[in-house]
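Peer 1:
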Amino acid sequence: MYKKEARKHENSLICEHIVSIKGFVECEDDACYCGIIGIVMKYMENGSLWDFRTTKWQQHPDLLPLTNRMVYEMSSGMQFLHSQDIIHRDLKLENVLVDGDLHVKIADLGLATNLQTSFGDRCWGTDSHKPPEAFRTDLPNSTKIVTSKYDVYGFAMTLYELLTGIHPYSDRESAMIRVFKLTNQTPCLEPVPKNTPEALIKVMTDSWSFVASDRPDFKEITDRVNKLDTEPSYDSLRPYLGEPLVDGPRVVGVHKFWRARARIYGLQQRESHRQEASNPETPAQTDRQTGVCRGAEDGGEGGGEGRVTRLMRGFQMSLMNNPESWSTVLWR
1 MYKKEARKHE NSLICEHIVS IKGFVECEDD ACYCGIIGIV MKYMENGSLW DFRTTKWQQH
61 PDLLPLTNRM VYEMSSGMQF LHSQDIIHRD LKLENVLVDG DLHVKIADLG LATNLQTSFG
121 DRCWGTDSHK PPEAFRTDLP NSTKIVTSKY DVYGFAMTLY ELLTGIHPYS DRESAMIRVF
181 KLTNQTPCLE PVPKNTPEAL IKVMTDSWSF VASDRPDFKE ITDRVNKLDT EPSYDSLRPY
241 LGEPLVDGPR VVGVHKFWRA RARIYGLQQR ESHRQEASNP ETPAQTDRQT GVCRGAEDGG
301 EGGGEGRVTR LMRGFQMSLM NNPESWSTVL WR
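For the sequence shown, position 285 (counting from the first letter as 1) is numbered 285 according to the UniProt record's numbering, and the numbering increases by one without interruption.
(1) Need the endpoints of the alpha helix (DSSP H) that Phe80 sits in, please.
(2) At what residue ranges does the segment 144-193 contain a whole run of the alpha helix (DSSP H), taking only runs of 4 or more?
(3) Since Lys149 and Arg215 should fall inside the 8 Å C-beta cutoff, what is the C-beta to C-beta distance between them, to a whole number of angstroms?
(4) Cβ of Lys56 within 8 Å of Cβ of Met41?
(5) From this set, Leu93, Phe80, Cys15 and Ile14, which residue's C-alpha is nearest Asn46's C-alpha?
(6) How many angstroms separate the CA atom of Ser83 from the CA atom of Pro197?
(7) Please return the same chain residues whose Cβ sits closer than 7 Å to the Cβ of Phe210, not counting the five positions on each side in sequence.
(8) Any idea if Glu16 is buried or exposed, counting beta-carbon neighbours within 10 angstroms, 16 or more meaning buried?
(9) Looking only at DSSP bridge pairs, what is Thr113 linked to?
(10) What is the DSSP secondary structure of residue 363, counted as helix, strand or coil?
(11) Taking only the alpha-carbon atoms, compute the straight-line gap between Arg136 and Ser174 and give it to the nearest angstrom.
(12) Can you tell me where the alpha helix (DSSP H) holding Gln219 begins and where it ends?
(13) In the DSSP assignment, what are the bridge partners of Val25?
(14) For Asp138 and Asn68, I'd like the C-alpha separation in whole angstroms.
(15) Could you check what DSSP says for Ser209 in three-state terms: helix, strand or coil?
(16) Thinking C-alpha only, which one of Asp51, Thr205 and Ile177 is nearest Ala134?
(17) Since Asp127 contacts His88 with CB under 8 Å, what's their CB separation in whole angstroms?
(18) Closest to Thr186 by C-alpha separation, out of Gly154, Ser213, Asn195 and Lys194, would be which residue?
(19) Could you give the first and the last residue of the continuous alpha helix (DSSP H) run that contains Leu241?
(20) Report whether the distance from the Cβ of Met204 to the nearest heavy atom of the ligand SAM is below 7 Å.
(21) Quick check: the Cα distance between Ser76 and Val25, rounded to an integer number of angstroms?
(22) Quick check on the DSSP output: the beta strand (DSSP E) that includes Val104 runs from which residue to which?
(23) To the nearest angstrom, how far is it from the Cα of Arg224 to the Cα of Asp171?
(24) Would Val19 be called buried (16 or more neighbouring beta carbons within 10 Å of its own) or exposed?
(25) Is DSSP giving Ser128 helix, strand or coil here?
(26) Short of 7 Å in beta carbon distance, which residues of its chain neighbour Lys181, apart from the five on each side in sequence? Order them along the chain.
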């Protein structure tokens, strides 16, 4: 199972909305045939989105942009997986992780399958999140059940969890869930907050349509959610990101500066990878302590000061000389 999940993650490294794999650890016992490997993944400070939603989440109107942003990032991650012909099959809040900046990433591809070879695949997943067609026994064997619309239905149930903080059909046993699915009895909308945008509710209800062909694909979902407000204010996220040590725009600037530095480090890494691909004989090197890319394009041998180095120096000079210019939050 772990090896299968690792292979499914290999292509996810290029998507910012999928948890990336940093490495693997295999069993070193020659006499052991367990085949187990450990997967080293990006650390996500806030754990699963379900834990965050049910323990740390604070109901407040200003959090709607954060909700919209999380929905957008989940949809973007699923759109990427489907572009790689990967069906997740077990999308739910427990399998979405939250980082320190409250951005979310899709995780746990252990039940994923390939779209092109999914004929006859078992309808794995969580019963409450599986679509009605997964429970039908009257469909011919030639019917392809595990399609991209399989995940869209699970996305709708995941969105319901995010909006309400409760599992769909949580008060029903598996046998009753099956009946509800086959008779098109969708979750009750009463727990959904009254201030939830109608457009977001429409995305959810369209995505849990009984007929698979009536559900939108993730490209359409992403485009629709992108039209909503997906830019939470710093004040609305302050309870989760922490209070500054002292007041004043300079401290806010420092806070944003380090977040900007993290983004620049990511840019350095991507430049390093591009250099290695274009000139494999002289690969770019990265100083692990400073995060400075030392390829020719960014200040390495034969090159001057690179773009990302200049960008970092510009942030430093701007912060020291004119801290008031950092009054607008830039890290979103």
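No residue lacks a Cβ here, since even glycine has one placed at the ideal position from N, Cα and C.
Peer 2: So, from the data block:
(1) Locating residue 80 in the sequence shown gives position 80, counting from the first residue. Note, Phe80: alpha helix (DSSP H), Leu64 to Ser83.
(2) 148-164 and 174-182
(3) In the sequence shown, residue 149 corresponds to position 149, counting from 1. In the sequence shown, residue 215 corresponds to position 215, counting from 1. Here Lys149 really is in contact with Arg215; their C-beta atoms are around 5 Å apart, less than 8 Å.
(4) Walking along the sequence shown from the start, residue 56 turns up at place 56. Walking along the sequence shown from the start, residue 41 turns up at place 41. No, these two residues do not count as a Cβ contact at 8 Å.
(5) Here residue 46 refers to the residue found at position 46 when the sequence shown is read from its first residue. Closest by alpha carbon: Leu93.
(6) Numbered from its first residue, the sequence shown carries residue 83 at position 83. Numbered from its first residue, the sequence shown carries residue 197 at position 197. Straight-line Cα distance between these residues: approximately 28 Å.
(7) Translated into positions along the sequence shown, residue 210 becomes position 210. Pro132 and Asn184.
(8) As a working mapping, residue 16 is identified with position 16 in the sequence shown. Result: exposed.
(9) Counted from its first residue, the sequence shown places residue 113 at position 113. Partner(s): Ile87.
(10) Here the chain comprises residues numbered 1 to 332, so residue 363 is not present and cannot be evaluated.
(11) Counting from one through the sequence shown, the residue named residue 136 turns up at place 136. Counting from one through the sequence shown, the residue named residue 174 turns up at place 174. Answer to the nearest angstrom: the Cα atoms are 14 Å apart.
(12) Position 219 of the sequence shown, counting from 1, holds the residue named residue 219. The sequence shown places Lys at residue 219, rather than the Gln named in the question. Phe218 to Asn226 is the extent of the alpha helix (DSSP H) around Lys219.
(13) As a first step, residue 25 must be located in the sequence shown, where it is residue number 25. Its beta-bridge partners are Gly38.
(14) Taking the first residue of the sequence shown as 1, we reach residue 138 at position 138. Taking the first residue of the sequence shown as 1, we reach residue 68 at position 68. The alpha-carbon atoms of Asp138 and Asn68 are separated by roughly 38 Å.
(15) On the sequence shown, residue 209 is found 209 positions in, with the first residue counted as 1. Note: Ser209 maps to coil in three-state DSSP.
(16) Taking the first residue of the sequence shown as 1, we reach residue 134 at position 134. Closest option to Ala134, Cα to Cα, is Ile177.
(17) Taking the first residue of the sequence shown as position 1, residue 127 is located at position 127. Taking the first residue of the sequence shown as position 1, residue 88 is located at position 88. No, Asp127 and His88 are not in contact; Cβ-Cβ is about 16 Å, not under 8 Å.
(18) For the purposes of this step, residue 186 is taken as the residue at position 186 of the sequence shown. Its Cα nearest to that of Thr186, the residue Gly154 stands out among Gly154, Ser213, Asn195 and Lys194.
(19) Here residue 241 refers to the residue found at position 241 of the sequence shown. Where Leu241 is concerned, the enclosing alpha helix (DSSP H) stretches over Tyr234 to Leu241.
(20) This structure does not include the ligand SAM; it has no bound ligands of any sort.
(21) Residue numbering aside, residue 76 sits at position 76 when the sequence shown is read from its first letter. Residue numbering aside, residue 25 sits at position 25 when the sequence shown is read from its first letter. Taking the straight line joining both Cα atoms gives about 29 Å.
(22) Position 104 of the sequence shown, counted from the start, is the residue given in the question as residue 104. Run containing Val104: Val104 to Ile106, per the beta strand (DSSP E) assignment.
(23) Here the question's residue 224 lines up with position 224 in the sequence shown. Here the question's residue 171 lines up with position 171 in the sequence shown. Straight-line Cα distance between these residues: approximately 31 Å.
(24) Residue numbering aside, residue 19 sits at position 19 when the sequence shown is read from its first letter. So Val19 counts as buried.
(25) Against the sequence shown, residue 128 aligns to sequence position 128. Looking at Ser128 - three-state DSSP - the assignment turns out to be helix.
(26) Within the sequence shown, residue 181 is the residue found at index 181, counting from 1. Closer than 7 Å at Cβ, skipping near neighbours: Pro132 and Phe135.
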